[in-house]
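Here's the structure, in structure tokens; my notes come after.
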Amino acid sequence: MIIPLDLVLFLVLIVTAVLALVVKDLLAAVALLASYSLFAALLFAGVLAVDVALVEAALGAGLTGVLFVIAILATTRHSSPRPDTRRRWAVLPLIVAFLGLMLFASTGLPDRGDPDAPAHQGVSQTYLTDSFTDTETPNVVTSLLADYRSMDTLGETMVIVTAALAAALVLVRRVDDPSDRTDDPRDTPGGDADLDRDLDRTDEDGYGGRGPR
Amino acid sequence: MIGAYPSVVVRVVCALLSPFILMFGLYVVAHGHYGPGGGFAGGVFIAVGAILPRLTLPEELAYRLVPPAVGPLAGGVGLLLFLLVGTLPLLVGGAFLDYGAVEIAGMEASRVRYLGILVVEAAVGLAVFGAMVLIVDVLTGKDRP
Numbered sequence: 006m007i008i009p010l011d012l013v014l015f016l017v018l019i020v021t022a023v024l025a026l027v028v029k030d031l032l033a034a035v036a037l038l039a040s041y042s043l044f045a046a047l048l049f050a051g052v053l054a055v056d057v058a059l060v061e062a063a064l065g066a067g068l069t070g071v072l073f074v075i076a077i078l079a080t081t082r083h084s085s086p087r088p089d090t091r092r093r094w095a096v097l098p099l100i101v102a103f104l105g106l107m108l109f110a111s112t113g114l115p116d117r118g119d120p121d122a123p124a125h126q127g128v129s130q131t132y133l134t135d136s137f138t139d140t141e142t143p144n145v146v147t148s149l150l151a152d153y154r155s156m157d158t159l160g161e162t163m164v165i166v167t168a169a170l171a172a173a174l175v176l177v178r179r180v181d182d183p184s185d186r187t188d189d190p191r192d193t194p195g196g197d198a199d200l201d202r203d204l205d206r207t208d209e210d211g212y213g214g215r216g217p218r
Numbered sequence: 237m238i239g240a241y242p243s244v245v246v247r248v249v250c251a252l253l254s255p256f257i258l259m260f261g262l263y264v265v266a267h268g269h270y271g272p273g274g275g276f277a278g279g280v281f282i283a284v285g286a287i288l289p290r291l292t293l294p295e296e297l298a299y300r301l302v303p304p305a306v307g308p309l310a311g312g313v314g315l316l317l318f319l320l321v322g323t324l325p326l327l328v329g330g331a332f333l334d335y336g337a338v339e340i341a342g343m344e345a346s347r348v349r350y351l352g353i354l355v356v357e358a359a360v361g362l363a364v365f366g367a368m369v370l371i372v373d374v375l376t377g378k379d380r381p
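Chains as they are written, first to last, in our numbering: chain A, 6 to 218; chain B, 237 to 381.
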């Protein structure tokens, strides 16, 4: 009963991905991407990878959508039309060839849950059997991430904080002269004028305004 | 910069929902030993609970609930906490990030590892929360933080 559910989810994943590429309204594309992440999370939960599913649901379906919506509010909502449509058909054989290669390669993979698979042979046996006596942690994923392989987690955390700081450095608009601060021009190339006006009006309603500095 | 959402229904629902999302995030961080989740997912949930007021409530109110300075502060403190927990075993002769080497009276090594995992999860959650809030703040604010 589980295999057909997987197939249905895969089909929905492909459909949402293609729709997100095709649709002209970027806000609809963001909603489709969020639903794509939600179905991917269901797929992960279906293969009992609940930790991955939780992160995918929280990050992919939740926060990434919020970030995209904020980016759309700051720029424009409509995608610009492609200048050259003929080039699209030229890459079609490449995509088909790549898909065939991947499908051919997937036949060499071990079955899911196969105890003889190479991934289940090496050190993972030790982790699974010794996790509880070593760390008193029933969830092996947690003890793996935060104890056995905590150096990887440290690197990951460093990457996240560094990426956020780099994004802040790129995106922050530091106005050096304090007198310029009130009429900081919104530098939005190709921006949507209506959207800008809406935002400004919301500010003037008395709800918005500048926060405490 | 986003300001208040025009509909009062959305404002009230989001104001009611965000503390519960925060609480669920704390639960996910603290419950990583026994269930799915841990620092990363929990930090994202806490960040969503902090970002929701910024999207819907009046700006001054949202920034009073979670000030913009919290983002870089939490990110830095989380990373520092992780590094400190990693260097603590070095002082007593263990390897980097080997929490079991620290000897606490009346506790087995496995219990110390358990506590080390908890602190590391909290540090990761703090760092992820700070990073996400920082990104949202620089995307929405003109001249902040």
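From the three backbone atoms N, C-alpha and C, an ideal C-beta is built for every residue, glycine too.
CA nearest to the CA of residue i, picked from the options
| i | options | result |
| --- | --- | --- |
| serine 148 of chain A | B:Ser254, B:Arg247 and B:Gly273 | B:Gly273 |
| leucine 43 of chain A | A:Val52, A:Leu14 and A:Val23 | A:Leu14 |
| proline 308 of chain B | B:Ala367, B:Asp334, B:Leu326 and B:Val244 | B:Ala367 |
| valine 145 of chain A | A:Asp121, A:Tyr132, A:Val166 and A:Gly51 | A:Tyr132 |
| leucine 253 of chain B | B:Gly268, B:Leu291 and B:Ala266 | B:Leu291 |
| glycine 361 of chain B | B:Pro294, B:Val313, B:Leu351 and B:Pro325 | B:Val313 |
| leucine 18 of chain A | A:Leu32, A:Val28 and A:Ala46 | A:Ala46 |
| valine 28 of chain A | A:Gly160, A:Thr138, A:Ser84 and A:Thr140 | A:Ser84 |
| leucine 221 of chain A | A:Phe49, A:Ala62 and A:Val57 | Limits of chain A in this structure are 6 at one end and 218 at the other, which puts residue 221 of chain A out of reach. |
| leucine 12 of chain A | A:Arg82, A:Ala102, A:Gly51 and A:Thr167 | A:Gly51 |
| arginine 82 of chain A | A:Arg91, A:Val101, A:Leu68 and A:Ala34 | A:Ala34 |
Beta bridge counterpart(s) of residue i as assigned by DSSP
| i | result |
| --- | --- |
| aspartate 30 of chain A | A:His83 |
DSSP-derived helix/strand/coil call for residue i
| i | result |
| --- | --- |
| histidine 269 of chain B | coil |
| methionine 343 of chain B | coil |
| arginine 300 of chain B | helix |
| proline 190 of chain A | Per-residue confidence for proline 190 of chain A stands at a pLDDT of 48, beneath the threshold of 50, marking its modelled position as unreliable; no derived number is given. |
| glycine 274 of chain B | coil |
| tyrosine 397 of chain B | The question about residue 397 of chain B has no answer here: the residues shown for chain B are numbered 237 through 381. |
| proline 325 of chain B | helix |
| phenylalanine 365 of chain B | helix |
| aspartate 119 of chain A | coil |
| aspartate 334 of chain B | coil |
| proline 143 of chain A | coil |
| aspartate 89 of chain A | coil |
| leucine 14 of chain A | helix |
| leucine 114 of chain A | coil |
| arginine 290 of chain B | helix |
| alanine 310 of chain B | helix |
| glycine 377 of chain B | coil |
| alanine 169 of chain A | helix |
Closer than 6 Å: residue i CB and nearest the ligand FAD heavy atom
| i | result |
| --- | --- |
| serine 254 of chain B | Ligands displayed in this structure: none; no statement on the ligand FAD is therefore possible. |
Within-7 Å CB hit, residue i to chain A
| i | result |
| --- | --- |
| glycine 274 of chain B | yes |
| threonine 376 of chain B | yes |
| alanine 277 of chain B | yes |
| glutamate 339 of chain B | no |
| leucine 333 of chain B | yes |
| valine 306 of chain B | no |
| glycine 330 of chain B | no |
C-beta neighbour in chain B for residue i, strict 7 Å
| i | result |
| --- | --- |
| leucine 2 of chain A | Past the edges of chain A, shown from 6 to 218, lies residue 2 of chain A, and the structure says nothing about it. |
| threonine 162 of chain A | yes |
| valine 166 of chain A | yes |
| glycine 67 of chain A | yes |
7 Å Cβ cutoff, residue i in contact with chain D
| i | result |
| --- | --- |
| leucine 351 of chain B | In the structure shown, chain D cannot be found, because the protein chains are A and B. |
Within 8 Å of chain A by C-beta, residues of the stretch 239 to 270 of chain B in sequence order:
Residues of the stretch 239 to 270 of chain B with a C-beta atom less than 8 Å from some C-beta of chain A are Gly239, Ala240, Pro242, Val264, Gly268, His269 and Tyr270, listed in chain order.
The stretch 50 to 62 of chain A: positions lying closer than 7 Å to chain B by Cβ
Residues of the stretch 50 to 62 of chain A that bring their beta carbon within less than 7 Å of a beta carbon in chain B comprise Val55, Asp56, Leu59 and Val60, in sequence order.
Members of the stretch 359 to 370 of chain B that neighbour chain A once the beta carbon cut-off is set at 8 Å
Those would be Ala359, Val360, Ala363, Val364, Gly366, Ala367, Met368 and Leu370, in chain order.
Using a Cβ cut-off of 8 Å, which residues of the stretch 124 to 155 of chain A contact any Cβ in chain B, in chain order?
For the stretch 124 to 155 of chain A, which is checked against every Cβ of chain B, the residues closer than 8 Å are Thr138, Asp139, Thr140, Glu141, Thr142, Pro143, Asn144, Val146, Thr147, Ser148, Leu150, Ala151, Asp152 and Ser155.
If you measure beta-carbon to beta-carbon, which residues of the stretch 81 to 94 of chain A are closer than 9 Å to chain B?
Residues of the stretch 81 to 94 of chain A with a C-beta less than 9 Å from any C-beta of chain B: none at all.
Interfacial residues, the stretch 314 to 328 of chain B to chain A, with Cβ spacing under 8 Å
Flagged, chain order: Gly314, Leu315, Phe318, Leu319 and Gly322.
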